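Each remark here refers to the structure printed beneath this line.
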Amino acid sequence: MPTTVIKGGRVIDASGERVADVVVDEDGRIAAVGEDLSADRTIDAAGCVVAPGFVDLHTHLREPGQEEAETVETGARAAALGGYTCILAMPNTIPAIDHGGIVREVLELGRAAPCDVHTSAAITVGRAGEQLAPLAEMAALGVRFFTDDGAGVADARLMRRALEYAQSIQVGGRGVVLAQHCEDPVLSAGGHMHEGEWSSRLGIPGQPAEAEELMVMRDIALARLTGARVHFQHLSTARSVQMVREAKAAGIPVSCEATTHHVTLTHAECASYDPVFKVNPPLRTDADVAAVRAGLADGTIDCIATDHAPHTQEAKEAPFDQAPPGMLGLETALALMLTELDLPLAEVLALLSWRPAAILGVDDEHGAVAEGRPANVVVIDLEREWTVEPSALASRSRNTPYAGRRLRGKVRHTLLHGEPVVLDEEPQR
Amino acid sequence: MQHLLSIQDLDRAGIEQLLDLTDRFVEVSQRQIPKVPALRGKNVVWLFYEDSTRTRLSFEQAAKRLSADTMTFSVGSSSVKKGESLRDTVLTIEAMGVDAVVVRHASSGVPWQIARWLEDRVSVVNAGDGWHEHPTQALLDCYTIREHRGSLEGQRIAIVGDVKHSRVARSDVLAFTALGAEVTLVAPPTLLPPNLDGWPVRVSHDLDAVVGDVDVVYLLRMQRERMTEHLVPTLREYTARYGLTMRRAERLRDDALVMHPGPMNRGVEISAEVADLPRSVIIDQVRNGVAVRMAVLYLLLGSGVERVLGPEPAPDAVLALEPEGASR
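Chains R and C, in that order, give the protein sequences. Just so it is clear: in the first sequence, position 301 is 301 by my numbering, and no numbers are missing. One gets my numbering by counting positions in the second sequence from 1 and adding 1000 to each.
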């Protein structure tokens, strides 16, 4: 590999900000960060921000089983265009990622992808919530993150055992993470949007915020009971955020993520009856959006995750109550954070990059622009304005809820282990 | 008006104009040959994804009296069973050449989706979507109350029963209150929408406290499956608390009306004797339904609508309501 210099950008990571050139060596590692550096190849970053590549803890890649909606390849390309150098596949594929064979298959598919593809795996066999999946077998293949995402583990005793058992498992000298999609399935049953003012008016069966909150409450209790860490996925309600805030203050080992759609959209969008706005957890109220934003601002929420959930056009053209939940996120997350939220730039980058990298335990590979580290780097043009055009997305699906929205800030280049996978907004593979 | 999807497509003046137009079609319906050529050459399709006998027959009768051609898309025997999507079905029907699609679907919002796919090339009439709306039912209800009372202004109307799952109730609340009526929803909390913010209604859980003070009691159909959803313990208990029994009906004001969208569960939400009282105008509702739907189809598909509804010239001069063949 030729050496590369990323020239003239503002370098920002957890250690601070400086205007510097970044040189990448033949092995794809950062050789130097400094002034007036040169190399075989120059990548222009003048006027741009150079940051560590982003890490998404919540990506539905749909392979195996629903390749018509997304594949590891297309999802990873969308990720690279969105500035991600590491994504975590969710296990609700068909069949579920619940044993070593499928873990191996997904990791194999990810090897040639334009970003690092990690996979999570199910906590229970078939994500059915009845029997513990072989966690250690999958951890031995590199799985660091377990979740039944798409559903929560409803059985409190089973979740307790999973938390206890997982404490005996390590990957690369670190413990694994058990994560929860919080939803009491009995209380939420039959609900297709947030239960409230809009569901009542629209005549769409709703699921109450309490369906999420009951499981957050329970799992905080289980984290206290077992001493094991629980990571809460896609928190969406004001009380969920408050419970996590209080749990952290009490020293209970919890972490959590929020999605970009839960801080930019509300349940009022469902008035169009367009299933592109159907997602789970559902879009909530203005007060919930404000509370999740406050949680991002005060550090209660550790990171932004996309919950990128591709669905085919035909699936999203069904009646609202028959369409599957989920929306795209990888290619719009950064611009939404920059355009719609009032957070300092370094905080946005922390939420997208080094904090999720630490939660997943990949912070030795991602999350810093520093000598000796792999060159997983994104170059961002903060001033670039663009309009979300579904047909221009790299994802195989088109179900973005932001079609036509004007956003500011775009990824210009992405380097994965030193190799440019996106150059001037164009995918290189 | 391009579509009739919701009562909110009409403001108060729009509803009143439609009811005024309905008067003309009531008159047509009373003729010896109750048929006019107003919609000759227009093609209306019934797209009923959910069983409906009375609404479909009522629309069918309305269309025939206006001399429109009709086609029925029957889900049970169609390509839907072979997996055709809603969108493909709609675009296929459009390609055959239709002027209006009248839709009934068990899922809320489907008429909106259809209107979006058709991009306003074809008129869409909502004949009932999920729990959401049933605008022509609300219009015929308004017409029936107006027929008996002259106006809805200040009328106190109790809508009793399963409001939560009722498209009739949602449309009725919008229409009744738009016309100045005071609406009280009467039901146990389990049968009310979970959130009533912004609804211009009062709520009561006690029919006995309400029944003596209202001008109209509007009963909703109570379905058996609500028991398995833990919404009421038994139909018997529901009837005891919320059914319009003869004993309760005796406490109604002398001129109070009893209404029901049908089909009735006699002995559940309404007792058989009450249904047959003179104050029960349930049959009038059905009769008026045809004329209201004539007015809706005429407004959407007829020519010169603006002239008809404008202040001048006088409606009779332009509304082509001659008996069929009379002008030739």
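For each residue, glycine too, the CB sits at the ideal point set by N, CA and C. Because the structure is a prediction, the values reported are computed rather than measured.
For V1110 of chain C, the neighbours in chain R by C-beta distance under 7 angstroms run, in chain order, P319. When C-beta atoms of the region 80 to 88 of chain R are compared with those of the region 47 to 64 of chain R, three or more pairs fall below 8 angstroms, so the two segments count as touching. Pairing I1033 of chain C with M1294 of chain C, the inter-Cα distance amounts to about 15 angstroms. Proximity to M1222 of chain C across C:R1202, C:L1191, C:N1043 peaks at C:L1191, based on C-alpha coordinates. T74 of chain R and A1158 of chain C have their C-alpha atoms roughly 56 angstroms apart. For T1177 of chain C, the enclosing alpha helix (DSSP H) stretches over residues 1167 to 1178. CA-CA distance, R1279 of chain C to V1214 of chain C, rounds to 13 angstroms.
Here DSSP, grouped into helix, strand and coil, assigns G1041 of chain C to coil.
When the five nearest sequence neighbours on each side are left out, the beta carbons in the same chain lying within less than 8 angstroms of the beta carbon of G1262 of chain C are those of R1054, R1221, I1282, Q1285, V1286, in order along the chain. Going by beta carbons, G295 of chain R and R229 of chain R fall outside the 9 angstroms limit. For C303 of chain R, there is no enclosing alpha helix (DSSP H); the enclosing beta strand (DSSP E) covers residues 303 to 305. Within chain C, S1107, S1108, G1109, G1130, W1131, H1132 have C-beta atoms less than 9 angstroms from the C-beta of I204 of chain R, given in sequence order.
When rounded, the separation of the alpha-carbon atoms in R284 of chain R and S255 of chain R is 21 angstroms. For L341 of chain R, same chain residues with a beta-carbon under 6 angstroms away, outside a window of 5 residues either side, do not exist.
Boundaries of the alpha helix (DSSP H) around W1112 of chain C: 1110 to 1118. The Cβ of Q66 of chain R sits no closer than 9 angstroms to any Cβ of chain C.
Between V1296 of chain C and T1136 of chain C, the C-beta gap is smaller than 9 angstroms, which places the two residues in contact. When secondary structure is reduced to three states using DSSP, T1184 of chain C falls in the strand class. By the criterion of a C-beta distance shorter than 7 angstroms, G196 of chain R is surrounded in its chain by G206, H267, T285, once the five residues flanking it on both sides are discounted.
Contact check for E1153 of chain C and L1179 of chain C: beta-carbon distance about 7 angstroms, within the 8 angstroms limit, so the pair qualifies.
For the C-beta of G196 of chain R, the chain C residues within less than 9 angstroms are, from N- to C-terminus, P1194, N1195, D1197. A residue is called buried when at least 16 other Cβ atoms come within 10 angstroms of its Cβ; P1111 of chain C meets this threshold and is buried. In this structure, V1232 of chain C sits away from P1193 of chain C, with a CB-CB distance that is not shorter than 9 angstroms. The beta carbon of E314 of chain R falls within 9 angstroms of a beta carbon belonging to chain C, placing the residue at that interface.
Pairwise C-beta distances place the region 20 to 34 of chain R out of contact with the region 328 to 337 of chain R, as fewer than three of them are shorter than 8 angstroms. Between the alpha carbons of A14 of chain R and W1199 of chain C lies a distance of about 50 angstroms. As DSSP reads the structure, N399 of chain R sits in no beta bridge.
A Cβ-Cβ separation of about 21 angstroms leaves A258 of chain R out of contact with L222 of chain R under the 8 angstroms criterion. Listed along the chain, the chain R residues whose CB falls inside 8 angstroms of the CB of L1086 of chain C are E317, A318, P319. Per DSSP, reduced to three states, the secondary structure at Y1049 of chain C is coil, with no helix or strand assignment.
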